[in-house]
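Asks:
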Amino acid sequence: MSLKIIPIISILILSVACEPFRFDNYTLYKVLPKNLEEIKILEDLQNSGADFDFWDDPVPTADYINVLSKPELKNDLEGFLAAQGIDFVITLPNIQELIDNEKKKRYTRSNVKTMEWDDYYTLEDIYDWLDDLAKAFPDVVSTIVGGTSHEGRIIKGVKISHGPGRRAVFIESGIHAREWIAPATANYVINQLLYSNDEETKAAAREFDWYIFPVTNPDGYIWTHVGYRLWRKNRRKFGDEYGVDLNRNWNDNWLVIGASSNPASNTYAGPGPFSEMETRTLATYIANMADKIDLYLSFHSSGQILLLPFGNTTEPLANYYDAMKIGRRALGALAFRHGTQYTIGNIAEAIYFAAGTSVDWVKERLKIPLSYCYELRDRGVYGHLLPPDQILPTGEETMDSIIEMVWQAKRFGYMKASNATALKISMKIGRRALGALAFRHGTQYTIGNIAEAIYFAAGTSVDWVKERLKIPLSYCYELRDRGVYGHLLPPDQILPTGEETMDSIIEMVWQAKRFGYMKASNATALKISVLLYLAAIVKLFF
Ligand SMILES: [Zn+2]
């Protein structure tokens, strides 16, 4: 055998392996149960092991259930439903036609405007775009790595931040690979936070930190592009089967309900809680910054439902009524633009019992106060194959609801940067400035907030500029000396006082910049960032 043949053979094998599975004449049904008996019949069908892909679970609240059938089983399904008297309609006779209409565009590297909202993109394109945004907005956007996949890919996201000390919104998207509208919507949110001209959106971008991961199941997402469009799980191999449902693998009531212990199932919960690289690494990332997060959002499709924890019980969570009110108002904003109607409820009552989900885990284990799962468009027609012309309206209405949500959350007392955090940062900057001050002549200062270091004094300038004008850093220097001359400091101390004070101010501005202040590109650029109030008043205690 000639050596030349080997590469040709391996290329052939590779190209065969990479040919995506075709869904010719696979048909999507919308089954319409009229009562609980019919729902029970459908539940039995789902559990019978028959080879139908249930896109919705037959739960008592379901008013429709999307079921996908392969061509050779369509007669069986239709005959069965007719015999049981269960109504159904065919919404998509041949889903391959829908699939053929996806994926026409590519993102052009370094041209951020070529990420558009009328088509779905590959993982590579999305990751390139995130990198390019970080280059385009170096002071505001940074790429972040939330974890690693089973096949060794990173879970890449962006942090959008206009300065330190802000409360955070965390968006986790694309954990179910085939739900392509989820990453597309997360991308749209990122884009709006950077480019929107809407004042409320711009204010929300500035006032909060945003951590957004469009694709938290990168292996699965790639597989939906190159292998099997309707893949849901990750790509870890278990015997002859592949994949764990990453939204049943979180360590909160794991496998208690609404999940399967069978690796062949689409809701396989994995061999143990956090058995999967994706969930384990991402959960660690979230846990390490949990004290910053007030609002956690998870994007899925479909059904137009906003879900609250918990998935294993209909018992209300601690701040259930706050969360419901905030959610309802967000959905009012969502409906306003295109008339899209959502329902709201906790997972167990609104959709299905499902344990081991991310929104339950962050709420229960990390005590993140507000946690929602969006089941995005649509309701029963296209499901996971939402046509690309619905990406833009879905993005728009979802963004409207998120902006309403953050401001409503703030109204209800969430999303407020704690004064303690801001004080801690300004103390750090101040201490480093005093290190520089002491260096030249050995002059020792003390530092503290006015009330604790000197005296209680109201109506001062430093308090006013901080409280009323929101100038982030505000200090008052009590200059030399300590108890000898006071207001009658001899002229020969003017120069050393000037020198050491100048040293400390220079240190202060650079430290402030290190901590994220004093950046010209920030929205606060026109504000005076540091007020240096050089008051020659004698301290009350010597
Ligand atoms: Zn999902």
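Following numbering that gives the first Met the number 0, the numbering of the sequence shown begins with 0 at its first residue and continues without gaps.
Note that beta-carbon positions come from the ideal geometry of N, C-alpha and C, so glycine has one too.
Given a threshold of 16 other Cβ atoms within 10 Å of its Cβ, counted over all protein chains shown, does phenylalanine 438 qualify as buried or as exposed?
Replies: With fewer than 16 Cβ atoms within 10 Å of its Cβ, phenylalanine 438 is classed as exposed.
Asks: How is histidine 175 classed by DSSP in three states: helix, strand or coil?
Replies: Correct three-state label for histidine 175: coil.
Asks: Straight-line CA distance for serine 520 to lysine 415?
Replies: Any reading at serine 520 needs caution, since the residue's pLDDT is 46, under 50, leaving its predicted position unreliable; the model's value is listed next. Answer to the nearest angstrom: the Cα atoms are 24 angstroms apart.
Asks: From this set, Ile85, Asn34, Thr278 and Asp388, which residue's C-alpha is nearest glycine 577's C-alpha?
Replies: The chain is shown only over 0 to 541; residue 577 falls outside these bounds and no answer can be derived.
Asks: Could you pull out every residue in the same chain whose Cβ sits closer than 7 angstroms to the Cβ of isoleucine 153, ignoring the five residues on either side in sequence?
Replies: Cβ within range, chain order: Val144 and Thr147.
Asks: Which full runs of the alpha helix (DSSP H) of 4+ residues lie inside the region 74-154, going along the chain?
Replies: Counting only runs of 4 or more, we get 94-99 and 122-135.
Asks: Does any heavy atom of ligand 1 sit closer than 6 angstroms to the C-beta of histidine 299?
Replies: Yes, the Cβ of histidine 299 comes within 6 angstroms of a heavy atom of ligand 1.
Asks: Determine the closest residue to histidine 440 out of Arg431, Gly394, Tyr413 and Thr496, with distance taken between C-alpha atoms.
Replies: Out of Arg431, Gly394, Tyr413 and Thr496, Thr496 has the C-alpha closest to the C-alpha of histidine 440.
Asks: State the Cα-Cα distance for the pair serine 370 and valine 361, rounded to the nearest angstrom.
Replies: C-alpha separation (whole angstroms): 7 angstroms.
Asks: Mind checking which residues open and close the alpha helix (DSSP H) that includes aspartate 359?
Replies: First-last of the alpha helix (DSSP H) with aspartate 359: 357-363.
Asks: Should alanine 552 be labelled buried (16 or more other beta-carbon atoms within 10 Å of its own) or exposed?
Replies: With the chain covering only 0 through 541, there is no way to say anything about residue 552.
Asks: Excluding the five sequence neighbours on either side, which residues of its own chain have a C-beta within less than 7 angstroms of the C-beta of isoleucine 125, listed in chain order?
Replies: Same-chain partners within the cutoff: Pro182, Asn186, Pro213 and Val214.
Asks: Looking at the structure shown, is alanine 522 part of a helix, part of a strand, or coil, going by DSSP?
Replies: For alanine 522, the predicted model reports a pLDDT of 39, less than 50, meaning its position is unreliable and no value from the coordinates is stated.
Asks: Below 7 angstroms CB to CB, which residues in the same chain sit around arginine 327 once its five sequence neighbours on both sides are set aside?
Replies: Closer than 7 angstroms at the Cβ level, and outside the excluded window around arginine 327, lie Ile343.
Asks: Determine whether the beta carbon atoms of asparagine 216 and isoleucine 174 lie at a separation below 7 angstroms.
Replies: In this structure, isoleucine 174 lies closer than 7 angstroms to asparagine 216 by Cβ.
Asks: If the criterion is Cβ atoms closer than 7 angstroms, does the pair alanine 135 and valine 111 meet it?
Replies: Yes; because the gap between Cβ atoms is below 7 angstroms, this pair is in contact.
Asks: With 16 as the cutoff for other CB atoms within 10 Å, does threonine 442 come out buried or exposed?
Replies: Result: buried.
Asks: Would you report the Cα separation of glycine 515 and glycine 162, rounded to the nearest angstrom?
Replies: Looking at the two C-alpha atoms, the distance is approximately 5 angstroms.
Asks: Check whether the Cβ of histidine 175 lies closer than 6 angstroms to any heavy atom of ligand 1, and answer yes or no.
Replies: Yes, the Cβ of histidine 175 comes within 6 angstroms of a heavy atom of ligand 1.
Asks: Which stretch, first to last residue, makes up the beta strand (DSSP E) that contains histidine 299?
Replies: Looking at the DSSP string, the run of the beta strand (DSSP E) that includes histidine 299 is 292-300.
Asks: Cα-Cα, which of Leu391, Ala511 and Thr356 is closest to lysine 423?
Replies: Lysine 423 has its Cα closest to that of Ala511, out of Leu391, Ala511 and Thr356.
Asks: With a threshold of 6 angstroms, establish whether the CB of glutamate 178 neighbours any heavy atom of ligand 1.
Replies: Correct: glutamate 178 has its Cβ closer than 6 angstroms to ligand 1.
Asks: Taking the alpha helix (DSSP H) that tryptophan 463 belongs to, which residues open and close that run?
Replies: Taken as a continuous stretch (DSSP letters only), the alpha helix (DSSP H) holding tryptophan 463 covers 460-466.
Asks: What residue range does the beta strand (DSSP E) around tryptophan 553 cover?
Replies: This structure cannot speak to residue 553, because the chain is shown only from 0 to 541.
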